[in-house]
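Have a look at the structure below, then the notes.
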Amino acid sequence: MIMKRSEEITLQYFAFLEKHIQEVLSGAVPEFMELNEIAGQLAVSHKHLTDTVKKEKGKHPCYFYDEKIIHEAKIMIADSEQSIAEIARIFTYDPSNFSKFFKKMTGTTPGKFRKNYSSE
């Protein structure tokens, strides 16, 4: 079966995100790339990447990027002894910005998330 180019770009985007986020978390890469930089890595324009992912998945590529970052952050908050500030720095965030981002995405603060998770 032949894959449509839009499906291929979308799959490449998700594969790139997976790898890129792991590289940032391992310290191999100093910070998260901007969406236009990711588009460049995939050899498509920023607009084309945005339009394609929106068409294929129904949401802006940044939504999925943030979702994956939050997913990884939740795992780290739940499973590690590191402080929220240390985790924020691993994710290349200033701790207060990280808390705001986390709360915006999850509806709860990282500290509350950890407390709720550990009491389960």
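Taking the working numbering, the leading residue of the sequence shown gets 1, the next gets one more, and so forth. By construction, the Cβ of each residue, glycine as well, lies at the ideal position given by its N, Cα and C atoms.
| Item | Value |
| --- | --- |
| Starting from D66, trace the alpha helix (DSSP H) in both directions and tell me its first and last residue. | 61 to 79 |
| Between the stretch 78 to 88 and the stretch 32 to 44, can you find at least three pairs of beta-carbon atoms closer than 8 angstroms? | no |
| Which whole-angstrom value describes the C-beta separation of K47 and S6, a residue pair presumed to lie in contact below a C-beta threshold of 8 angstroms? | With a Cβ gap of about 13 angstroms, K47 and S6 do not count as contacting. |
| Can you tell me where the alpha helix (DSSP H) holding A15 begins and where it ends? | 5 to 26 |
| Give every residue of the same chain whose Cβ lies closer than 8 angstroms to the Cβ of T92, excluding the five residues on either side of it in the sequence, and list them in chain order. | V24, P30, E31, F32 |
| For I87, which of S26, Y117, Y63 has the nearest alpha-carbon? | S26 |
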